[in-house]
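Asks:
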Amino acid sequence: MILTLIEHDQGVIDPQTFGMLTAVRGLAAEQGGALHAILIGADVAGLAAGLGDYGVTAVHLIEQESLDAYAPNAWAACVVEVMAAEKPTAVVGVGTERSNEVMAHVAARTDLPLAANCLAVQPEDDAWFVTRMRWGGTLHEEARLHGEPKLLTIAALGIEVETAPSGSAPEIIAVIPDLTDADLLVRVISRVEPERKGISLTDAPVVVSGGRGVGSAEGFAVLEQLAALLNGAVGCSRVVTNNGWRPHAEQIGQTGTRVAPELYIACGISGAIQHWVGCKGAKQILAINTDAEAPMVTKADYAVIGDLHEVIPALMAEIEKLKG
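In this note's numbering, the protein residues as written are 16 to 339.
(1) For R261 versus A232, is the C-beta distance shorter than 9 Å?
(2) L330 and E265: beta carbons closer than 9 Å?
(3) From the DSSP secondary-structure annotation, give me the bridge partner or partners of Q156.
(4) Can you give me the start and stop residues for the beta strand (DSSP E) that N304 sits inside?
(5) Kindly list the residues whose CB is nearer than 6 Å to the CB of A49, restricted to its own chain and excluding five residues on each side of it in sequence; keep chain order.
(6) Counting only the same chain and skipping the five closest in sequence on each side, list residues whose C-beta sits under 8 Å from that of A179.
(7) By a C-beta neighbour count over all protein chains shown, 10 Å radius and 16 as the cutoff for buried, is D193 buried or exposed?
(8) Contact between the region 58 to 67 and the region 114 to 127: three or more CB pairs below 8 Å?
(9) Using DSSP with H/G/I as helix, E/B as strand and the rest coil, what is E186?
(10) Within 10 angstroms of its Cβ, does Q31 collect 16 or more other Cβ (buried), or is it exposed?
(11) Can you list, in chain order, the residues of its chain with a C-beta nearer than 8 Å to that of G339? Leave out the 5 residues immediately preceding and following it.
(12) For K298, count the other beta carbons within 10 Å of its own beta carbon; 16 or more makes it buried, fewer makes it exposed. Which is it?
(13) Under 7 Å Cβ to Cβ from G402, same chain only, skipping five residues before and after it: list those, please.
(14) Out of curiosity, what's the CA-to-CA distance linking E177 and I169?
(15) Are the C-beta of P328 and some C-beta of chain C separated by less than 9 Å?
(16) Between V190 and E96, which are expected to be in contact by the criterion C-beta below 8 Å, what is the C-beta distance as a whole number of angstroms?
(17) Rounded to whole angstroms, what is the Cα-Cα separation between D83 and Y317?
(18) One question on the structure: do R227 and V207 come within less than 9 Å of each other, judged by their Cβ atoms?
See below:
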């Protein structure tokens with residue numbers, strides 16, 4: 016049996032979790048075992064039923080009022096408790112900041128190795144062969160993961176989510192955790208939500224992103240118009256936020272947001288490796304740049320060599336024609 020950690024926040028399962036379940040479902044089938052999930056929170060039972068659509072056959076449900084907010088030590092304690100009772104072959108999370116944090120605590124509590132942000136997993140007799148992202152995705156490392164059970168997280172951004180052929184409501188197994196005050200010492204106690212206008216970067220089917228070549232904060236007006244026309248969102252490179260042209264919340268890259276839209280339009284972005292890490296999950300990349308040798312241009316699926324302030328208005332005119 017493979018045990019998976021379901022990441023959720025404010026009543027919504029993180030979409031990357033479904034990508035992880037899609038990947039792990041095949042792994043569980045190869046191992047000849049079932050796919051179980053652990054769901055932790057104060058009022059999360061309603062999230063369990065839908066997990067059957069992704070191949071989960073049983074959900075270990077941990078509902079406790081003290082778990083109303085995210086607490087990494089407490090989540091890890093719950094995972095370890097279920098591990099001890101169920102003896103899974105592997106425990107798998109999604110490669111997000113939160114799940115990586117929880118799984119790191121699980122590894123520390125059990126004195127087991129953890130392979131984070133795995134891109135591929137191949138079970139072997141006594142160790143699993145994994146390929147994982149290192150250095151923010153700029154390096155892929157091949158390694159053998161030992162330990163019983165195996166602990167890993169899956170880099171699920173960009174995985175095509177697929178439902179199980181014969182999904183059904185999973186069995187619910189109620190678990191009452193033995194938590195201490197120390198487990199709950201670190202927890203979320205308040206939130207300051209950023210002001211959001213329109214669709215978010217992580218949900219947008221199209222991201223129109225600008226770099227140094229945009230020239231100024233005012234230069235982003237045409238990018239906003241193109242994004243609105245395509246029902247997309249505006250992003251930017253690090254140099255743009257450093258110059259104060261756009262907020263950090265819009266930064267794409269290793270130290271910003273990682274996106275995987277259907278189309279990523281890079282406008283005036285040279286394409287430093289840190290930025291490429293944030294956008295390489297896009298299905299298609301279009302680069303608009305005056306420099307034909309820019310890294311973003313050479314890596315993109317399509318490129319237009321020219322001044323973005325001339326290219327984008329012409330592009331919008333053609334799109335409006337097609338829309339009638």
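All C-beta atoms, glycine included, are put in the ideal place defined by N, C-alpha and C. Everything numeric in this text was worked out from a predicted model, so none of it was measured.
Replies: Walking through what the data contain:
(1) Here residue 261 refers to the residue found at position 246 of the sequence shown. Here residue 232 refers to the residue found at position 217 of the sequence shown. Yes.
(2) One-based indexing of the sequence shown puts residue 330 at position 315. One-based indexing of the sequence shown puts residue 265 at position 250. Against a cut-off of 9 Å, the Cβ pair of E265 and L330 comes out as no contact.
(3) Position 141 of the sequence shown, counted from the start, is the residue given in the question as residue 156. Looking at the sequence provided, one finds Glu at residue 156 rather than Gln. Paired residue(s): R147.
(4) Counting from 1 along the sequence shown, the entry for residue 304 is found at position 289. Residues Q299 to N304.
(5) For the purposes of this step, residue 49 is taken as residue 34 along the sequence shown, with counting starting at 1. The beta carbon of A49 lies closer than 6 Å to those of M16 and T72 in the same chain, with the five residues before and after it left out.
(6) Locating residue 179 in the sequence shown gives position 164, counting from the first residue. Here the set comprises R40, G67, D68, Y69 and G70.
(7) On the sequence shown, position 178 is the one that residue 193 refers to. That one is exposed.
(8) Too few Cβ pairs lie closer than 8 Å, so no.
(9) The residue given as residue 186 occupies position 171 in the sequence shown. In the structure shown, E186 sits in a strand (DSSP, three-state: E or B).
(10) Position 16 of the sequence shown, counted from the first residue, corresponds to residue 31. By the neighbour-count rule (16 or more Cβ atoms within 10 Å), Q31 is buried.
(11) As a position in the sequence shown, residue 339 is number 324, starting the count at 1. Once the five neighbours on either side are set aside, G339 has no close Cβ partner at all.
(12) Translated into positions along the sequence shown, residue 298 becomes position 283. Classification for K298: exposed.
(13) Nothing about residue 402 can be reported from this structure: the residues present for the chain run from 16 to 339 only.
(14) Sequence index remark: in the sequence shown, residue 177 carries index 162 (1-based). Sequence index remark: in the sequence shown, residue 169 carries index 154 (1-based). Each residue's alpha carbon lies about 16 Å from the other.
(15) Absent from the structure: chain C. Only one protein chain is present.
(16) Position 175 of the sequence shown, counted from the start, is the residue given in the question as residue 190. Position 81 of the sequence shown, counted from the start, is the residue given in the question as residue 96. Indeed they touch by this definition, with Cβ atoms about 7 Å apart.
(17) As a first step, residue 83 must be located in the sequence shown, where it is residue number 68. As a first step, residue 317 must be located in the sequence shown, where it is residue number 302. D83 and Y317: Cα-Cα distance of roughly 46 Å.
(18) Locating residue 227 in the sequence shown gives position 212, counting from the first residue. Locating residue 207 in the sequence shown gives position 192, counting from the first residue. The Cβ atoms of R227 and V207 lie no closer than 9 Å to each other.
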